[in-house]
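**Q** Before I ask anything, here is the structure I am working with.
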């Protein structure tokens with residue numbers, strides 16, 4: 006397996022079957038759609054080190070992570086925007102493209118995010134519910150910026166994680182890039198072993214991050230480089246209201262974290278096969294499964310097993326016209342690559358489906374927000390949210 010854009014695995018097989026890439030390539034510019042909420046979005050990147058744990062991928066080092074906290078902020082147009090993907094990270098993406106036979110370096114420009122770097126947190130509305138996010142296997146946290154910043158614009162604090170050495174690349178302060186150490190072209194047994202180690206590592210990462218959020222709430226800055234926390238951030242964290250969602254292996258991570266840590270009150274799995282003891286034990290808190298058009302309980306034995314053993318409120322949906330990579334920012338980037346002739350014209354439908362990217366993003370944003378609003382008893386705007394659901398018939402409930 007290789008990385009497409011550093012965002013997707015298993016691209017080589019698709020490219021090998023695709024039509025030839027046009028010789029002439031135009032420059033593609035991709036902008037993140039505007040967040041739909043009314044709040045200004047702030048963001049801070051934190052460098053965290055778990056001195057109590059050796060890194061499972063590089064045992065000579067303590068486990069270190071990069072996380073981004075997206076939060077409602079005081080409006081200030083003078084504060085700079087965080088890049089969607091930094092230049093150094095895009096260089097790592099381009100390396101992945103070259104390895105997969107899609108040399109697009111310099112042919113794609115990504116716009117900025119909508120997050121104001123280190124902006125003052127908006128404390129007037131009191132404490133805000135927290136939502137954790139874990140990306141798909143091999144993906145950095147930047148790959149779901151569109152979802153994270155939208156939730157923040159509706160008043161949530163969203164904490165996104167990059168799982169170092171499994172992620173295709175993680176950028177640390179000073180421009181240091183740590184790339185994935187996972188072997189490519191692994192056989193089935195090795196892949197299964199990688200998944201088992203990854204889920205254990207991700208659960209430990211997430212619980213460590215939860216502990217650091219507690220530190221922040223107590224006024225302690227956990228950043229190992231001493232990067233100052235945004236003003237008022239500690240005062241907006243509601244550590245009594247925490248949920249989690251994830252894409253692919255990140256969805257499996259959300260389920261297992263809920264199983265292992267009762268601080269997490271609800272979760273959403275975006276098209277991820279489930280792993281771990283949550284399969285046999287189930288959960289007793291709300292959990293939602295959202296699958297692509299080719300993935301659901303009917304096709305996935307892990308979803309069937311979880312559903313049979315789960316004791317809490319649960320729902321399943323199918324997003325018609327979608328593929329596995331429709332649940333991250335790939336759904337915005339890959340069609341732009343195809344439109345510019347950077348990848349073959351038949352490539353995009355195979356990896357992000359036929360659903361219009363904006364429709365796909367709109368319905369996911371709405372359903373995620375409505376779920377988190379519901380479990381947290383946060384009904385501001387929920388009537389409007391529910392009223393828009395019939396406008397998205399692509400999201401089909403599965404009984």
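In this note's numbering, the protein residues as written are 6 to 404. No residue lacks a Cβ here, since even glycine has one placed at the ideal position from N, Cα and C. These numbers were taken from a predicted model, which means no experiment stands behind them.
(1) Quick one, are the C-beta atoms of residue 277 and residue 301 less than 8 Å apart?
(2) Can you check DSSP and say which residues form a bridge with residue 350?
(3) Looking at the structure shown, is residue 126 part of a helix, part of a strand, or coil, going by DSSP?
(4) On the premise that residue 162 lies in contact with residue 241, defined as a C-beta separation below 8 Å, what is that separation, rounded to the nearest angstrom?
(5) Report the rounded CA-to-CA distance for residue 401 versus residue 369, giving the unit in angstroms.
(6) Which class does residue 88 belong to by DSSP, given the choice of helix, strand or coil?
(7) Under 8 Å, do residue 5 and residue 249 count as touching if we go by C-beta distance?
(8) Classify residue 295: buried if its beta carbon has 16 or more other beta carbons within 10 angstroms, exposed otherwise.
(9) Have a look at residue 262 and residue 310 and give me their C-alpha separation to the nearest angstrom.
(10) Express the C-alpha separation of residue 223 and residue 243 in angstroms, rounding to a whole number.
(11) Report the residue from 172, 99, 167 and 133 whose alpha carbon sits nearest the alpha carbon of residue 342.
(12) Rounded to whole angstroms, what's the CA-CA distance from residue 29 to residue 95? Just pull it up for me.
(13) For residue 402, which of helix, strand or coil comes out of DSSP?
(14) Residues in the same chain with beta-carbon distance under 8 Å from residue 201, minus the five sequence neighbours each way, listed in chain order, please.
(15) I want to know whether the segment 211 to 229 touches the segment 333 to 349 - three or more CB-CB distances under 8 Å.
(16) Less than 8 Å separating the beta-carbons of residue 158 and residue 42?
(17) Kindly indicate which three-state DSSP category residue 149 falls into: helix, strand or coil?
(18) Counting pairs of beta carbons, one from the segment 356 to 376 and one from the segment 327 to 339, are three or more of them closer than 8 Å?
(19) Just to confirm, are residue 291 and residue 318 a CB contact at a threshold of 8 Å?
(20) Let me know the secondary structure DSSP gives residue 397 once reduced to three states.
(21) Pop quiz: residue 173 and residue 143 are said to be a contact at Cβ under 8 Å. What is the actual Cβ separation, rounded to whole angstroms?
(22) What number of angstroms, rounded off, separates the C-alpha of residue 207 from the C-alpha of residue 81?
(23) Taking only the alpha-carbon atoms, compute the straight-line gap between residue 324 and residue 228 and give it to the nearest angstrom.
(24) Run the CB neighbour count on residue 87, radius 10 Å, all protein chains shown included, and call it buried at 16 or more, exposed below.
(25) What residue from 68, 133, 137 and 37 has the CA that sits closest to residue 89's CA?
(26) Distance check for residue 156 and residue 45, CA to CA, integer angstroms please.
(27) With 16 as the cutoff for other CB atoms within 10 Å, does residue 139 come out buried or exposed?
(28) Under the rule that 16 or more other beta-carbon atoms within 10 Å means buried, what is residue 120, buried or exposed?
**A** This is what the structure holds:
(1) no
(2) Bridge partners of residue 350: none, in fact.
(3) strand
(4) 6 Å
(5) 12 Å
(6) strand
(7) The structure shown does not extend to residue 5, since the chain is modelled only from 6 through 404, so no value can be given for it.
(8) buried
(9) 18 Å
(10) 12 Å
(11) 99
(12) Low confidence applies to residue 29: its pLDDT is 44, below 50, so where it sits in the model is not reliable, and the reading given next is rough at best. Each residue's alpha carbon lies about 21 Å from the other.
(13) strand
(14) 280
(15) no
(16) yes
(17) helix
(18) yes
(19) yes
(20) coil
(21) 5 Å
(22) 35 Å
(23) 38 Å
(24) buried
(25) 37
(26) 11 Å
(27) buried
(28) buried
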